[in-house]
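First up is the structure itself, then whatever we jot down about it.
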Amino acid sequence: MLAETDPFEIRAPGARPRVVIIGAGFAGVAAARALKRSDAEVVLIDRRNHHIFQPLLYQVATAVLAPSEIAAPIRQLEAKQANLNVILGDVVDVDSAHRTIDTVCPGIGTRKVQFDFLVVATGTRPSYFGHDEFAAFAPGLKNLADAEAIRTKILSAFEMAEATDDENERARQMNFVLVGAGPTGVELAASIAQLVTVTLRGNFRQIDPATSTITLLEGGDRVLPSFAPSLSRKAAKRLAKLGVKVLTGVKVERVDAQGVIAGGTRIPSATVLWTAGVAASPIVQLLGVKTDRAGRALVEPFLNLPGEPNIFVVGDAASVQQDGRPVPGVAQAAIQQGRYVGRLISDQIRGREPKRAFRYRDKGNMAVVGKNFAILEAGHLKTGGLLTWFIWAFVHLLALPQLQNRWRVQSQWLWSYLTGQRSSRLISEAPPPTNASQATKQTLTS
Ligand SMILES: Cc1cc2nc3c(=O)[nH]c(=O)nc-3n(C[C@H](O)[C@H](O)[C@H](O)COP(=O)(O)OP(=O)(O)OC[C@H]3O[C@@H](n4cnc5c(N)ncnc54)[C@H](O)[C@@H]3O)c2cc1C
């Protein structure tokens, strides 16, 4: 139960301006921190109590890391920022005219929160390009729950393959299909390849995990289309070396309990993973702003909404054009936008006019393709190999949210590098029996 006078709804006369930030991802946290020294009351709202380092989610999904190693409690992360309050809640409505938002808080109900400035940093969710029915069979990778569900799906497939004596079912369980060869698809596929050839070696008696098939489907003509073609070729070569089958120019027509139909051919698979596309979080729709095809808000050069100087959208939820091209949906862009808006609001509170429009500084783009190989594109520099892999590892370690994350990830990586073992091989919840496994059970008991 809430007190009758909720301090977030009722404002004291003469109170400091309140900046409400929805989303404690890269952009939201950066915006909050940029407001640390401002004379504002900052309220950071997220539906989860933790900030996630999404670039390493694929390692949680493939049992290299545990969920807590790439996440940090938002309250702990921002404990030293005295002007900041954290609310755990799901924002379900935004009333721009009355300057309020509705947040559903667990165990409490709906809280109304007033704002003077609003920063929407709610990121994206997987997009199935109008085929939401695929979601039930092909999970996307966006948060820790997704990563754990994928890990369970992958590890369970081997258990079911080991248990069945139906050859077709065994093959289906050992077929892994990933839809979309962007960085997440490539990183996941390569990591699964190493799981089956190295980590699971000698662990089963009826099956050899190394005989699994990993198929990466891509609608475009190459893997990693956001990188230069020369780097795509390098990555494709590396994937082939790891045993990943890459099929480009194929359209997925259907995903169901039996697998995928792509380019007119059925690929039987018990594990189909969706790494294809993203759409902006639905909160953006509530702002009444024009959006691009992926539902991202079309913002002004100062990242505010047209006609709304105090309402901003940043990070993956915003569509920002620079020099005629969209700013990419990557962590660096989200951090820079969040920081920019935090500073801009701080200046506005001090009575200063905003000086310059937002400009994204591209510090380079990286993708990892299994152990010992990564690619890097930074301006004219296009490179790939072992040294780049070490740079990738170093950069990602430094970027983790807390020292304790860095420490734990570093030791897991070292252990995994030296032994090939992965320490989070946990099946959280046994999957329900399939028809084939039920049939096997009946044979055994009859
Ligand atoms: C699997 C994966 C791998 C990636 N790899 C890389 C990489 O290697 N390099 C790179 O630069 N980028 C990578 N990215 C992209 C990068 O993570 C995003 O660009 C970045 O996270 C965007 O930051 P954001 O703050 O806009 O959104 P997010 O980080 O997604 O944060 C959004 C936050 O809003 C919260 N939220 C959403 N809706 C609500 C609501 N209604 N109420 C309350 N809270 C809400 C969410 O819980 C979340 O905490 C990857 C993304 C994924 C999913």
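In our numbering, the protein residues as written are 33 to 478.
The beta-carbon is built from N, C-alpha and C at its ideal position, and this holds for glycine as well.
This one's a predicted model, so the numbers in the text were calculated from it and none came from an experiment.
According to the DSSP secondary-structure assignment, P158 is paired through a beta bridge with V310. For F208, DSSP records a beta bridge to I246 and T303. Residue side-chain check: A312 keeps its Cβ at 7 Å or more from all non-hydrogen atoms of ligand 1. Remark: the C-beta of I77 is in contact range of ligand 1, defined as less than 7 Å to any heavy atom. Around the beta carbon of S448, a 10 Å sphere encloses 16 or more other beta carbons of the protein chains shown; the residue is thus reported as buried. Pairing I140 with R48, the inter-Cα distance amounts to about 26 Å. In the three-state reduction of the DSSP assignment, R69 falls in the coil class. Counting the other Cβ atoms within 10 Å of the Cβ of G55 gives 16 or more, which makes it buried. Not one heavy atom of ligand 1 is found less than 7 Å from the C-beta of Y449.
Within the chosen limit of 7 Å, ligand 1 does not reach the beta carbon of Q436 with any heavy atom. Nearest in C-alpha terms to F58, of all of A389, S455 and V373, is V373. If you draw a straight line from the Cα of D38 to the Cα of G383, it comes to about 29 Å.
The beta carbons of L116 and L76 sit closer together than 8 Å. Contact check for L263 and G396: beta-carbon distance about 12 Å, past the 8 Å limit, so the pair fails to qualify. For A410, the three-state secondary structure derived from DSSP is strand. Remark: the C-beta of K185 is outside contact range of ligand 1, defined as less than 7 Å to any heavy atom. In this structure A153 touches G370 by the C-beta definition: roughly 6 Å separates them, less than 8 Å. At a threshold of 7 Å, L173 counts as near ligand 1, since its beta carbon sits closer than that to one of the ligand's heavy atoms.
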